[in-house]
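Report on one structure; see the data block that follows.
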Amino acid sequence: MRWMEWLKLFGLTTISSVSLLTILGFTVKKWFIVRITESVKHEYGRELEKYKDTLRKETDTELTKLNGKVEIEVEKAKLKHSFYSEKQFELYNELWLNLCQLKSAMDKLWDDGNSTNLWDFQEKLIAARDMLIQKAILIEPSHYNELREVINEFINYQNGEDSLIKIGQAQEKGKIFPDGHIERLITHHIDSRTKLILYIEKMRNCLQNQICGN
8 MRWMEWLKLF GLTTISSVSL LTILGFTVKK WFIVRITESV KHEYGRELEK YKDTLRKETD
68 TELTKLNGKV EIEVEKAKLK HSFYSEKQFE LYNELWLNLC QLKSAMDKLW DDGNSTNLWD
128 FQEKLIAARD MLIQKAILIE PSHYNELREV INEFINYQNG EDSLIKIGQA QEKGKIFPDG
188 HIERLITHHI DSRTKLILYI EKMRNCLQNQ ICGN
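So in the numbering used here, spot 171 of the sequence shown is number 178, and the numbers just go up one at a time.
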């Protein structure tokens, strides 16, 4: 009996030891896996932060370069716009003076329809047309088209063999026009005169707004 008891006791002890070792081994294995996992996570996290930091620095560098390029282009655009605006304003000022001379000659012709006033009007009209053609690139399309239309209404008028453009290009300023020629011209261009006056007023407002910064 004693021998059997010892055997049972030994067996139980052995089983307990094996169970304990199994549990201990499982625990150690689990702890080891956790440690490795945490170590890998830590290393990965550290590498990830390094990568993020490097990427951030590279991004900041690229952004700095890009901002520098943008600032350069902006300054170039400002210079171009400034140059364009200055040249355009000079042109509009010149156009305004030209239109004022044209209106003055037109008013004289309408007040006193004689050959001298007609010659003067033709000269101012052709000067305005030539300037419009030469400076078209700096004139706003709407302004250009409207003025060209009014000028062409005057220039394209033809009475018999004489058109206003031929009269303006003639060299003999002492030419005598047929009876009723100037009167018919004035009557025919009443609407054109009104359009030109309205256009000149519009240009005046445009220039005033530009000067005032509106």
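All residues carry an ideal CB built from backbone N, CA and C; glycine is no exception. Note that the structure is predicted; figures quoted are calculated from it, not measured.
Less than 7 Å separates the beta-carbon of residue 105 from that of residue 135. When 213, 66 and 189 are compared, the shortest CA-CA separation from residue 123 is found for 189. Using a Cβ distance threshold of 7 Å, residue 103 and residue 205 do not count as a contacting pair. In this structure, the alpha-carbon of residue 159 lies about 11 Å from that of residue 196. With respect to the 7 Å criterion, residue 161 and residue 132 are classified as neighbours on the basis of their beta carbons. A direct Cα-to-Cα measurement between residue 211 and residue 191 gives close to 30 Å. Minimum Cα-Cα distance from residue 98 among the listed residues 125, 163, 113 and 147 corresponds to 147. Residue 157 and residue 125 have their C-alpha atoms roughly 17 Å apart. Annotation: residue 138 to residue 154 spans about 11 Å, alpha carbon to alpha carbon. Under the three-state reduction of DSSP, residue 118 is assigned to helix. Residue 147 sits in coil when the DSSP states are folded into three classes, being neither helix nor strand.
Where residue 196 is concerned, there is no enclosing alpha helix (DSSP H), because DSSP gives it neither an H nor an E. In the displayed model, residue 110 falls within a helix according to three-state DSSP.
Burial state of residue 67 is exposed, judged by a 10 Å Cβ sphere holding fewer than 16 other Cβ atoms. By the neighbour-count criterion, in which 16 or more other beta carbons inside 10 Å mark a residue as buried, residue 118 falls on the exposed side.
The shortest C-alpha to C-alpha distance from residue 107 to any of 72, 61 and 203 is the one to 203.
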